[in-house]
Amino acid sequence: MNRVFIAVVFAVGVGAWVYGKFQKSNGGLTQRSLIGAAVAGVIAFILFITLASTLLNRIA
């Protein structure tokens with residue numbers, strides 16, 4: 001599979017998990033939960049792409 005596709009799926013999963021945690025912890029404030037989930041998803045995407053590119057370039 002393409003690295004970008006896998007990174008997007010991973011980032012969406014992280015974002016959904018963070019959204020759920022934030023919804024429980026802040027009393028259901030949707031806007032704050034969405035912002036936190038988006039930030040976490042972007043960070044997870046960048047980290048996953050960086051790690052995948054580094055590891056796959058060392059293997060090949």
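Residue numbers for the sequence shown follow this note's numbering, so the first one is 1 and each next one is one higher.
Every residue, glycine too, gets a C-beta built ideally from N, C-alpha and C.
As the structure is a prediction and not an experimental result, all values here were calculated from the model.
Check, Outcome
"Coil, strand or helix - L29 by DSSP", "coil"
"Beta-carbon contacts of A40 that lie in its chain and below 7 angstroms, excluding the five residues immediately before and after", "V14, G15, V18"
"Segment contact flag, the stretch 28-38 with the stretch 2-11, C-beta cutoff 8 angstroms, min 3 pairs", "no"
"S33 burial status per 10 Å Cβ neighbour count (16 or more: buried)", "buried"
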